Each structure stands twice: as C-alpha cells, then as structure tokens.
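To keep things clear, I will list the structure first and then write my remarks on it.
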Amino acid sequence: MSSTTDDRAAGAVLGLAVGDALGRGGSGWGAATAAAVPVLTAVAAGESLTDESTQDRVVAAWADLVEDGEDLGAPTTAVLRSLREPTAAAARGAARIVTGADDGGALLRTAPVALGFLPSPTASGLARSAARIAALTQPDPEVGEACALWSAAIHLAVRAGELDLRGGLGVLPEDRRAIWSARVDAAEAGDEPEHGAVGLLQAAWSVVRSTPVPDERPGAHLRAALEAAAPLGPSVAALAGSLLGARWGASAVPAAWRRALHGWPGLSAEDLTRAAVLAANGGLGDGTGWPAVDRVRPVGPGVLVPHPHDDGVLLGSLAALDDLPPDVDAVVALCRIGRRQTDRERVAFWLVDQPGRNPNLDLVLQDAVDTIAALRAEGRRVLVHGAEGRSRTPAVGALYAAVHRGVAPSRALEDVAAALPDAAPAPFLEEAVLRIGEAFAAEPPKRLLLVDLDTAVIDLASGVRRLPASAQVGRPDETPGIIGLADPLPGAIAGFARLAEVYDARLLAPPPWPGSSAWQQRLDWVALHFGALEADDAGRPNPAHRRLVLADRAVLPRDALLVDGGQDGRGAQDADGFPGERVRLGDPAVADWAALVDHLVAPERTGRRASATAPARSRDRTAGRPALTAWLLESLRVHAGSASPVQVARDVQRLHGDELRRAGDLEVTWQHDLRRIAAHLREEGRLAPSADGLWRLAR
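Quick note, this note's numbering runs 149 ahead of the 1-based positions in the sequence shown.
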C-alpha cells in the first residue's frame, strides 16, 4: 500500500472513533468504536474474518465488552448475554432466536472489515465478509446488505479517493440493487431516514453528501461534516466518520481531537492508527518494521537547537529523542516514530517528505503549527522533529514563526534554516510555508467563539412565565418542553449574527442525558429563531446554520472564547473545566447583547483590521507594485536569469526590507503580490513559461 492509502485506511478507523466521541459530546469513544476494536485487532494481526476461529475471538471480545458494562445496543447485548460459550456459532444461533429491533449496531462494526481487502481491486469478497460479521448478532439479510454496501464504499474511498455510495451497489444481489439505489436517492434528497441499519446508513450518507467540500483544503470536509453529524448522535457521526476518514485520511483529523481521543480497552488515537495501518498491509510493517516496532532507528546524528523565535520550542531530529532535556514534556513528531520511542506526550502528523504525497499538505502544516502553539499555551516545552531535522523540521518551525510569532514567512525560513546545522527544506515545503504564511498575514483566521445557547441566547425566564403557576416552583428551567416556550434574549439573534462576521462563532449546548429530547428541542429552537436554511430569501447567510455544537466544556479548545450567562444560576459554575477565556453576559461591562457586541468586535480583541483601513491597504499595494516588479526582475538578473520564488523573496526582504516596512499594508501582502506580478509578467512575455516552479527571464 502507498502512504496515501495507509493514511486513508487509518482515517477510516480514526473517523469512526472521533465521530463516536463527538456524537457523545466528549473525547471518549463508546460502543460504536469499542465493538469495532476486536474486528480491527483481528485484521491487524493478518487474520481472515471468514475463519471461524477468528470470529470466535471477536465474539469473545464482545462478550468481555458487555461484561465490562458497555451497552452495545439492546439486540447485540441480548445476544451476547444469552451465550453460555462466547463462540461465533453460538452467537449466530442466539441471534436467530433473540428478538429485538435492528438498531444498526452491526453496521458500525464494518469499518475495519474493508481494511483487510484493500489489495483487491474488487469488493465482492469484502461484501461477503462484512455480511458474515454482521450475522454474528443480526441475522436479517438486509442488515448484511447495508454492511456490504458501506464496506464497499469505504473500500472505494481508500483505494480511489472517491465518495460514492452507489459505487458499491454491484456487490449486492441484482434484484436488490434498485431498492438500495432508491434508498440512496432518498438520503441525498434529505428525506426522513428509515429505521435500523437502513436508516442509519441513510442518515450518515445524507450528512456526508450535504456538507460542501471546500475548494481550498478539501480535507477540511471531514471536520465540517462531522460537526454537522455530531448533533445527530454517536451512531450517525461514527458511521459518517468512517467513510469521511476513508476518503480524506487520518491526516485530515484535527490534532486537538486526536490528542483527547481514548476508549475501550485503554487505547488512544495513536493505537488505532497503528492497528489500521497494519490491517491495511496484511498485518505486516514496512521495511523498518513500522508501525509495529517500539523504536524506529534514527538516520543521522542527533540535532537539537532552540527555535530562533521561541526558546520554549526546540527543533531537532528523531535521534534527539534519545537524550531529551528533562524540561521537554511534549513532542510534535513529523516523521514515523516507534511505540515506545519517548515517554513524553507526543502528537504525530502525517507529513511525507516527498512532493505529491501529501493530499492534505496545507491542512497538516496548519494543524501542526497550531498544535505547537496550543502546547506552548499549556506551558509545555516542545520538541518539533523530523527524521533528520533537515526538511520537515525547518519548514514547520518557520511556519510556526510566521503564523504564531509574527515573523515574515521568508525571514522565518531564513532564520530557522540558519539555526539548524544542515537545513534543506524540500522546495514544495518552502513554497507551502510562503503560501500559508502570506495568506495568514494578509487575513488572520477568525478566533473560535462559543456562545452558550441556554444561558446567553435563550431567555429561559420568558419560558418559565408561560408555565402554569403550579409549575413555576423548584427548578422550572428543567421543566420538559421549557426550551420551546422561551424567547431569545433581547438582541441575541442580531448580536450573534454580528459576532459571526468577525469570529468563527458557534452555539454551544450541553450533552443531553440518554433518551432525553432536550437536544432536539434546541435544534428546533435554533431553526425557529435563526432559520432552518443556509441563507434567507435575500441571500443573507444564516449564522447558526450547522453551527450548534454539542460538547462538554472541559473538552473545548483552550484558545477559544466562551460567552455564557448566569440565568437562574445556570452557567455560573466556575469549576466546569473550561480552560480558556470566558466573558459573562450580565457582568457590568457586558450587561446586555449590545454591550457584548461592542466589547467583542473591538479590533484589539479580534486582531482583524477595521474596514476603514481597506482603501489605504489598496492604495499601498497599488503604489508598491511597480517597485515590486523592478525588485523581482533585479533578483532574476542577479541569479543569471532564473531563481526560485523563495530566492527572489529572500532578495527582496534583504535588499528592500526597510522600504517594505514603510509601505503600510504592503508589508504583509508583498509576497503574495510578487506571485501575482510574476503571473502578469508571464502573460506579457517578460517571464518564460515554467514547468519546474522557477521564475525565468524570457530570452
């Protein structure tokens, strides 16, 4: 398998687990992933799932899971508890006797099944295997068909990088294909899902298909779709996550989710990743033994130097892990690492040091530097390392300086390269650092803002006033249906829309109790007061469309900003575990929504330029372009007529840095403008066409 295929195979399992955890409102996975782990373990060991002894071990592990108190759904739990001996034959027999509605549980265990069949270009054997695993607890042939269809979709996504549920219809009996095709049509049309495995498949596919794929960083589709699926519960989110991960890869799963991810039987995201890669390769590691080895042998000497713009960050090589300073308590790994290579917390990134091998390159680089910043915000001293500390290490180190330390990208590359003994970042990584760094300098990303729905948006007191007098005692705010009776707080709807212009604004709600309708009530309330569509008739975007987050506060990002209130004592807890900055609606400085908006949109809080500066920026850039054109051509002449964009940028920074600093907004846009100027010069015939990325004077 290729590195891209391995990435996607790991993504199928990680996507399942993070979807499960998000749907549960926390960072721990539940039954959906726990029941898939024994199947994954078997495939990772190179075992055949059609072998009866393998199925015996899977059933025995499920029985242990139920014994540990995990609820695998009523039908599956009933089957397993009825067994005298936890064998596959006994489970199949019990499944035919034990009655119970299909809850879709069998479908959730199919993600690892596909990984054992990746070498095969067809999914026919996979379909039979998926159906046999399903039959261990659910004898209904239709459930087996759902498992076969979803497994085939995962197989196609991993092998071909396509999201196409219909592509698997060929694995079904011919007389069943039209039925399932109609069900897929219904899911894509947004129709009400059916029940059991069929409905679960429809709901998951509906979310996957209806969530737009971004033009830039398409791998971000995984995060967007999972955030849309989470409110629908752990089963839908887990199933959707398995297919999304199979398409976009483990490299698209945010590190913040992976760091917190855990679950039965005491595993982490890294454990799931290693098992998935082994499963995709018949249980075998690569030439170095990875991912099954405890230690990957370093290549080259140990490199360990302080980051030139943050001495709390060290830059180094894999060999540096053998002799880390004791105050280094976090490791950001940019290359393969053994299971026991270090005892410090480590966050690994799927970054291949070869061009064309990183489908989520910008996403991974951005996530890596954001993770370094998050670790530093926690007070950690961080080692960032690649294999030799020559290519990936300086690239990520430079991008961290550009994005989080305010250093111009070209200068960051130069400074980091000077700090390392033998830095030679790959050209494709240098280009990515400049591209991402320039875009960030031109327009910093919005800060995440979470507004507590119950305490800062909904006026629960208005709902209480509509209750009968007899119900207005004790804790009327906990009365069933109270959400639907309540109005918005004055100014909340318009205020949230205004904040969404300058923040990545989300509405926050607590995870509901099992069986509670509270979550649906909140969804209905948001649809009623904000609207149910993505935009109104005039084309104005709905700021709350797919922006309702179900999460415990303790798992929210540290760099987020939380707005809550203190109605009836709700939200007034100071011990709820939220680690970041909080603004309390109702405090003297932010007594109401008008004051809150004024407080939060101030430029010094958002870090974003006020709109009044836009004309000045435009004038600065327009006036500066003739100078940039001259400097670009000057650099090419110095380099005998051809140079890389990085070389040109370094020359401009070195020779004309003072002039750039006097040019207002041009200082943060000039590198982007250089590229546009080069494109214009090619159109005019002053630069020659180029297939290798170099800029050349026309002859």
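Just so it is clear, CB atoms sit at the ideal spot from N, CA and C, and this is done for glycine as well.
None of the values given here were measured: they were computed from a predicted structure.
Check for me: the beta strand (DSSP E) holding residue i runs from which residue to which?
i    : result
L710 : L710 to D713
D601 : L597 to D601
V732 : E730 to R733
Taking C-beta to C-beta, are residue i and residue j nearer than 9 Å?
i    : j    : result
P403 : D516 : yes
L464 : P474 : no
Y652 : K595 : yes
G853 : A441 : For residue 853 there is no data in the structure shown, the boundaries of the chain being 150 and 848.
V518 : V552 : yes
A743 : P692 : no
L427 : V480 : no
G177 : L375 : no
L392 : G253 : no
A827 : H805 : no
T286 : V228 : yes
P570 : G538 : yes
G398 : W499 : yes
R493 : V445 : no
A429 : A159 : yes
P637 : V606 : yes
Please report the straight-line C-alpha distance between residue i and residue j, rounded to a whole angstrom.
i    : j    : result
R489 : D685 : 54 Å
A424 : L189 : 7 Å
T259 : G729 : 38 Å
A765 : W844 : Because A765 sits at a pLDDT of 34, beneath the cut-off of 50, its placement in the model cannot be relied upon, and the following sentence gives the value as read from the coordinates. Computed Cα separation, rounded: 30 Å.
G293 : L512 : 36 Å
R831 : E365 : 24 Å
S384 : D478 : 36 Å
P574 : V307 : 29 Å
S151 : G487 : 19 Å
E343 : P639 : 40 Å
G218 : A185 : 16 Å
A379 : D476 : 38 Å
D741 : A209 : 58 Å
D334 : G390 : 20 Å
V320 : W668 : 37 Å
L836 : A482 : 40 Å
L264 : S278 : 11 Å
R495 : R407 : 11 Å
D502 : D472 : 24 Å
L562 : H456 : 12 Å
E786 : E580 : The amino acid occupying residue 786 in the given sequence is Arg; Glu does not appear at that position. Cα to Cα, R786 sits roughly 21 Å from E580.
D673 : V704 : 25 Å
R671 : E201 : 47 Å
So what does residue i bridge to, in DSSP terms?
i    : result
I607 : P637
R525 : DSSP output for R525 lists no bridge partner at all.
A479 : E494 and V531
S466 : G535
H411 : G177 and S417
E650 : None; E650 has no bridge partner.
P455 : L463
S791 : R845
L697 : L656
A684 : P690
L836 : L846
Since residue i is in the alpha helix (DSSP H), which residue starts that stretch and which ends it?
i    : result
V247 : Counting along the chain, V247 falls outside any alpha helix (DSSP H), and DSSP gives it neither H nor E.
E579 : P576 to A591
V501 : That residue, V501, is in no alpha helix (DSSP H); it is neither H nor E in DSSP.
R277 : S273 to A283
E201 : E201 to E216
R157 : S152 to G172
G293 : P290 to A309
R444 : Counting along the chain, R444 falls outside any alpha helix (DSSP H), and DSSP gives it neither H nor E.
Let's test the definition: count the other Cβ atoms within 10 Å of the Cβ of residue i and tell me whether it reaches 16, buried, or not, exposed.
i    : result
I631 : buried
L583 : buried
R372 : buried
L318 : buried
E683 : exposed
S269 : exposed
D603 : buried
P543 : buried
V448 : exposed
R803 : exposed
R848 : exposed
G339 : exposed
Any beta carbon of chain D sitting closer than 9 Å to that of residue i?
i    : result
T360 : Among the chains of the structure shown, chain D does not appear; only one protein chain is present.
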